[in-house]
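S.K.:
There are 2 protein chains.
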Amino acid sequence: MTPKILILGAGYGGLTTALRLQKELHYNEADITLVNKHDYHYITTHLHQPAAGTVDPRRIKIDLDELIDKDRINFIKAEVVAIDIQNERKVTLDNGQGLTYDILVIALGSEVETFGIEGLKEHAFTIRSINSVQLIREHIEYMFAKYKNEPGHPEYLTFIVGGAGFTGIEFVGELADRIPELCEQFEVNPKKVRIINIEAAPSALPGFDPQLVDYAIEVLKNKGVEFKINTPIKACTEEGVTLADGEEIKAGTVVWTGGVRGNKLIEMLGIETMRARIKVDEFLRAPGYQDVFIIGDNSIVFNEEGRPYPPTAQIAVQQGEHLAKQITSYVRNGKMDLKPFKFNLRGTVASLGKGEAIGKVGNRKMTGYTALIMKQLIDNRYLYSIGGLPLVIKKGKLLG
Amino acid sequence: MTPKILILGAGYGGLTTALRLQKELHYNEADITLVNKHDYHYITTHLHQPAAGTVDPRRIKIDLDELIDKDRINFIKAEVVAIDIQNERKVTLDNGQGLTYDILVIALGSEVETFGIEGLKEHAFTIRSINSVQLIREHIEYMFAKYKNEPGHPEYLTFIVGGAGFTGIEFVGELADRIPELCEQFEVNPKKVRIINIEAAPSALPGFDPQLVDYAIEVLKNKGVEFKINTPIKACTEEGVTLADGEEIKAGTVVWTGGVRGNKLIEMLGIETMRARIKVDEFLRAPGYQDVFIIGDNSIVFNEEGRPYPPTAQIAVQQGEHLAKQITSYVRNGKMDLKPFKFNLRGTVASLGKGEAIGKVGNRKMTGYTALIMKQLIDNRYLYSIGGLPLVIKKGKLLG
Numbered sequence: 001m002t003p004k005i006l007i008l009g010a011g012y013g014g015l016t017t018a019l020r021l022q023k024e025l026h027y028n029e030a031d032i033t034l035v036n037k038h039d040y041h042y043i044t045t046h047l048h049q050p051a052a053g054t055v056d057p058r059r060i061k062i063d064l065d066e067l068i069d070k071d072r073i074n075f076i077k078a079e080v081v082a083i084d085i086q087n088e089r090k091v092t093l094d095n096g097q098g099l100t101y102d103i104l105v106i107a108l109g110s111e112v113e114t115f116g117i118e119g120l121k122e123h124a125f126t127i128r129s130i131n132s133v134q135l136i137r138e139h140i141e142y143m144f145a146k147y148k149n150e151p152g153h154p155e156y157l158t159f160i161v162g163g164a165g166f167t168g169i170e171f172v173g174e175l176a177d178r179i180p181e182l183c184e185q186f187e188v189n190p191k192k193v194r195i196i197n198i199e200a201a202p203s204a205l206p207g208f209d210p211q212l213v214d215y216a217i218e219v220l221k222n223k224g225v226e227f228k229i230n231t232p233i234k235a236c237t238e239e240g241v242t243l244a245d246g247e248e249i250k251a252g253t254v255v256w257t258g259g260v261r262g263n264k265l266i267e268m269l270g271i272e273t274m275r276a277r278i279k280v281d282e283f284l285r286a287p288g289y290q291d292v293f294i295i296g297d298n299s300i301v302f303n304e305e306g307r308p309y310p311p312t313a314q315i316a317v318q319q320g321e322h323l324a325k326q327i328t329s330y331v332r333n334g335k336m337d338l339k340p341f342k343f344n345l346r347g348t349v350a351s352l353g354k355g356e357a358i359g360k361v362g363n364r365k366m367t368g369y370t371a372l373i374m375k376q377l378i379d380n381r382y383l384y385s386i387g388g389l390p391l392v393i394k395k396g397k398l399l400g
Numbered sequence: 001m002t003p004k005i006l007i008l009g010a011g012y013g014g015l016t017t018a019l020r021l022q023k024e025l026h027y028n029e030a031d032i033t034l035v036n037k038h039d040y041h042y043i044t045t046h047l048h049q050p051a052a053g054t055v056d057p058r059r060i061k062i063d064l065d066e067l068i069d070k071d072r073i074n075f076i077k078a079e080v081v082a083i084d085i086q087n088e089r090k091v092t093l094d095n096g097q098g099l100t101y102d103i104l105v106i107a108l109g110s111e112v113e114t115f116g117i118e119g120l121k122e123h124a125f126t127i128r129s130i131n132s133v134q135l136i137r138e139h140i141e142y143m144f145a146k147y148k149n150e151p152g153h154p155e156y157l158t159f160i161v162g163g164a165g166f167t168g169i170e171f172v173g174e175l176a177d178r179i180p181e182l183c184e185q186f187e188v189n190p191k192k193v194r195i196i197n198i199e200a201a202p203s204a205l206p207g208f209d210p211q212l213v214d215y216a217i218e219v220l221k222n223k224g225v226e227f228k229i230n231t232p233i234k235a236c237t238e239e240g241v242t243l244a245d246g247e248e249i250k251a252g253t254v255v256w257t258g259g260v261r262g263n264k265l266i267e268m269l270g271i272e273t274m275r276a277r278i279k280v281d282e283f284l285r286a287p288g289y290q291d292v293f294i295i296g297d298n299s300i301v302f303n304e305e306g307r308p309y310p311p312t313a314q315i316a317v318q319q320g321e322h323l324a325k326q327i328t329s330y331v332r333n334g335k336m337d338l339k340p341f342k343f344n345l346r347g348t349v350a351s352l353g354k355g356e357a358i359g360k361v362g363n364r365k366m367t368g369y370t371a372l373i374m375k376q377l378i379d380n381r382y383l384y385s386i387g388g389l390p391l392v393i394k395k396g397k398l399l400g
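Sequences listed follow chains A and B, in order. Take the first sequence: its letter number 95 is residue 95 in full-length UniProt numbering, and every next letter is one higher. Take the second sequence: its letter number 48 is residue 48 in full-length UniProt numbering, and every next letter is one higher.
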């Protein structure tokens, strides 16, 4: 009887696993099911662009039926509401459906971490999905229109971005590029617009090469972005934010990019978690389980120095590729011939908006155009890996 | 000593007066001052288009310095805060400036009339200026984005338009045209969108030819617009509206087009007013004053049957033309040779959105394309009258 492979989530990790299996396995070798909340995949690493309004959200969306061969993968558009790996080995969906499995791949992606900061959940926008960034874009334009009707409210033109990690930095860079366009459209004096990036840690882009961080800050300051580093946000209200040092900043828009955590469903698996993520074994398995794999933002993998790799698209994709190989061998040989997963850091690039970026590949630091090209290479390599040349042609140029 | 002519307002009436005088008089014959809140004039009869988002608001804006010859007209960008025609013969501006005059032309346009309906001022949008319609457009898009993030709130996609007069009818026609575009952009099922036009009077377009009104309603119903005629709105809240019959309709957007009144400054002149408008004498003068003229939406002119003409761009323009002639003769002959003003109704056309309109010229009724062409003729005739051929070429095609 053909083994049932159940993949939860069509983000970087889950989609890569599914598409690799689709390529490797013949339609009769395994019964593959992919569950995802939306019927599309999106380029999460570029959400900051439609959020700022510089790119149409539809451009970073990829319909799953463009990628999935329905003869080989059974796709279910639904939300996972419960995962029981301990007793019934069953996954429950919001449509009431219950799914069993021989091999389970959990790749549900991350959720926003607000660290319990008061009012953040209620009043801050987050860069987490196509819908959430569309809302940010529309809200920004709405604030310009409101300011034109109530010029007595300069705070409508103040945009606070909480968090100066990759998403925060890439978003403020993009937003700074959008502002002149909005000022022209609404006939607003650009001097009246403020973009304030607030970071609790002692540095922006924590953990990134300090020299490159300085470069990034310089570039963004020249674009008009203000920074408050080493400044925790204490609370967020309808009116703006209150900082730990007591300062209050009025703002019509607060976008929170300050943290991600795993998935609440991960916390209900009955396994020890760190911020809703699970420390998987070297074979990407949930500790104590032979047939439950956890990848992407739901998993934690440690490097040689024993520090966890940050959750990135890059590691999720490599996990998916690795896992697909293992599952294939299992399907073919009845048993899983296990190989330990090794993350190969190909490089890290952060865009700073039009024409600017910073990046590190191995020990090589790059800035400006070189870094941008590097980013485009990484993007296109991924598009190629999931959709081949047609997808690169269709979406590639639009990114980076 | 050259007479001081002071014109308040650069809408249809005031601008026409100023531009006719600029054409007629030599720069040394009179000292003409034009005061306006903005440094631009706008095509009020087309505000419903940028409100719906089908036309860029900038397209219906005309910078005054494109029309005004600074050697002949002294333009002041300021808001009028007080008019004293009884004692000091002085007009006070929000910049503190005080202006005297030999001839005063009051053409300050209308304000929104809410008939004291509870909550309307606070919660309803109004189609009254470039800025106010830009806000409506952005709000509509924002509601689509909000719905995508909170699908449990269908009311975000309900758009209530209070008033089925010309503005209301033209707006719902335009909005109905915009919806499919928005549904595609935000990937929303058009069936979920509601446009409800609510009118207190027993008929839409009160006073307009019943046969044409029926035609209009048919066209708009086919575009998906719902009508509640003979249904007064009792109250407007953040959640929507309550009707006189007690029905509550939840809506994320309420646009009020149900009425206009003159200007609060008119009510402070010490002359009897009807809804902040003044019944001028046959020479367009404020009753009891030789040198104070009131035109456009601030004035009331009665027809042969003793019914007041509705305030329209058409009558305002004709008043301006008439007044300019009188002022010219006054400047030339020292005394005003007065001619009674006769309104010549050239025709009335209401657009119903893309490709559809209704109109009446004399006794000739027209619909569809014919009516649209008629509308364009009227629009272009006006553009020509204020800006000549260049303006027709620049803006003409964009309208209608």
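Every residue, glycine too, gets a C-beta built ideally from N, C-alpha and C. Computed from a predicted structure; not experimentally measured.
Select from the stretch 34-45 of chain B all residues with a C-beta closer than 9 Å to any C-beta belonging to chain A, and list them in chain order.
M.R.: Per Cβ criterion, the list is empty.
S.K.: Report the residue from B:101, B:332 and B:78 whose alpha carbon sits nearest the alpha carbon of residue 87 of chain B.
M.R.: The shortest C-alpha separation from residue 87 of chain B is found at B:101.
S.K.: Contact criterion: CB-CB distance below 7 Å. Does residue 138 of chain B meet it with respect to chain A?
M.R.: Residue 138 of chain B counts as touching chain A.
S.K.: Please classify residue 110 of chain A: does DSSP put it in a helix, a strand, or coil?
M.R.: Residue 110 of chain A falls in the coil class under three-state DSSP.
S.K.: 7 Å is my cut-off, CB to CB: does residue 101 of chain B come that close to chain A?
M.R.: Cβ-Cβ to chain A under 7 Å: no for residue 101 of chain B.
S.K.: Once you ignore the five residues that flank residue 271 of chain B on each side, which residues in its own chain have a CB closer than 8 Å to its CB?
M.R.: These residues qualify, in order along the chain: 278, 286, 287 and 288.
S.K.: In its own chain, which residues sit with a C-beta less than 6 Å from the C-beta of residue 106 of chain B, not counting the 5 before and 5 after it?
M.R.: These residues qualify, in order along the chain: 8, 294 and 298.
S.K.: So, under 8 Å CB-CB, residue 196 of chain A and residue 228 of chain A are touching, yes? Tell me the CB distance rounded to an integer number of Å.
M.R.: About 6 Å; that satisfies the 8 Å criterion.
S.K.: Below 8 Å on C-beta distance, what does residue 186 of chain A contact in chain B?
M.R.: Under the 8 Å cutoff, chain B gives 134.
S.K.: When you check each C-beta in the stretch 145-166 of chain A against every C-beta of chain B, which residues fall closer than 7 Å?
M.R.: Residues passing the 7 Å Cβ filter: 145, 146, 148 and 149.
S.K.: Measuring alpha carbon to alpha carbon, tell me which residue in B:235, B:248, B:191 and B:254 is nearest residue 223 of chain B.
M.R.: When each option's Cα is compared against that of residue 223 of chain B, the closest is B:191.
S.K.: Between residue 141 of chain A and chain B, is there a C-beta pair that is closer than 7 Å?
M.R.: Chain B contact via Cβ: present.
S.K.: Beta-carbon within less than 7 Å of residue 61 of chain A's beta-carbon, same chain only, minus the 5 sequence neighbours each way: which residues are those?
M.R.: Correct list, in chain order: 40, 42 and 130.
S.K.: Roughly how far, in whole angstroms, is the beta-carbon of residue 365 of chain A from the beta-carbon of residue 211 of chain A, given that I think they are within contact range, below 8 Å?
M.R.: Contact flag correct, Cβ pair sits at about 7 Å.
S.K.: Report buried or exposed for residue 393 of chain A, applying the criterion of at least 16 other Cβ atoms within 10 angstroms of its Cβ.
M.R.: Exposed is the call here.
S.K.: For residue 423 of chain B, which of helix, strand or coil comes out of DSSP?
M.R.: Here chain B comprises residues numbered 1 to 400, so residue 423 of chain B is not present and cannot be evaluated.
S.K.: Could you tell me which whole alpha helix (DSSP H) segments of length 4 or greater appear in the stretch 166-225 of chain B?
M.R.: The qualifying runs are 166-186 and 210-222.
S.K.: CA-CA distance, residue 3 of chain B and residue 173 of chain B?
M.R.: So the alpha carbons of these two residues sit roughly 47 Å apart.
S.K.: According to DSSP, what are the bridge partners of residue 40 of chain B?
M.R.: B:63, per the DSSP bridge assignment.
S.K.: What's the C-alpha gap between residue 254 of chain A and residue 162 of chain A?
M.R.: Their Cα atoms are separated by approximately 7 Å.
S.K.: Anything in chain A within Cβ reach of residue 131 of chain B, meaning under 7 Å, just list it in chain order.
M.R.: Correct list: 148 and 149.
S.K.: How would you call residue 10 of chain B, buried or exposed, if buried means at least 16 neighbouring beta carbons within 10 angstroms?
M.R.: It counts as buried.
S.K.: Taking the alpha-carbon positions, what's the residue 27 of chain B to residue 71 of chain B distance?
M.R.: Going from the Cα of residue 27 of chain B to the Cα of residue 71 of chain B covers about 7 Å.
S.K.: How is the alpha helix (DSSP H) around residue 1 of chain A delimited, first residue to last?
M.R.: Run containing residue 1 of chain A: none; DSSP gives neither H nor E here.
S.K.: Of the residues A:351, A:205 and A:333, which one's Cα is nearest the Cα of residue 48 of chain A?
M.R.: The candidate whose alpha carbon is nearest that of residue 48 of chain A is A:351.
S.K.: Excluding five sequence neighbours on each side, which residues of the same chain lie with their C-beta closer than 6 Å to the C-beta of residue 232 of chain A?
M.R.: Closer than 6 Å at Cβ, skipping near neighbours: 200 and 244.
S.K.: Whose C-beta lies closer than 6 Å to the C-beta of residue 92 of chain B among residues of the same chain, with five residues either side of it excluded?
M.R.: Taken in chain order, the residues that qualify are 81, 82 and 98.
S.K.: Can you tell me whether residue 409 of chain B is buried or exposed? The criterion is at least 16 other CB atoms within 10 Å of its CB, across all chains shown.
M.R.: The requested residue 409 of chain B is not part of the displayed model; chain B covers only 1 to 400.
S.K.: Can you tell me whether residue 248 of chain B is helix, strand or coil according to DSSP?
M.R.: Three-state DSSP puts residue 248 of chain B in a strand.
S.K.: Where does residue 302 of chain B land, buried or exposed, given buried means 16+ other C-beta within 10 angstroms?
M.R.: Exposed: under 16 other Cβ atoms inside 10 Å.
S.K.: Buried or exposed for residue 65 of chain B, please, with buried defined as at least 16 other CB atoms from any protein chain shown within 10 angstroms of its CB.
M.R.: Flag for residue 65 of chain B reads exposed.
S.K.: Taking 6 Å as the limit between beta carbons, can you name the residues of its chain near residue 315 of chain B, skipping five residues before and five after?
M.R.: Closer than 6 Å at Cβ, skipping near neighbours: 309 and 343.
S.K.: Could you check the C-alpha separation between residue 17 of chain A and residue 373 of chain A for me, to the nearest Å?
M.R.: Their Cα atoms are separated by approximately 27 Å.
S.K.: If you follow the beta strand (DSSP E) that residue 414 of chain A is part of, which residue opens it and which one closes it?
M.R.: Outside the displayed span of chain A (1 to 400) sits residue 414 of chain A, for which this structure offers no information.
S.K.: Is residue 332 of chain B buried or exposed, if buried means 16 or more other CB atoms sit within 10 Å of its CB?
M.R.: Label assigned to residue 332 of chain B: exposed.
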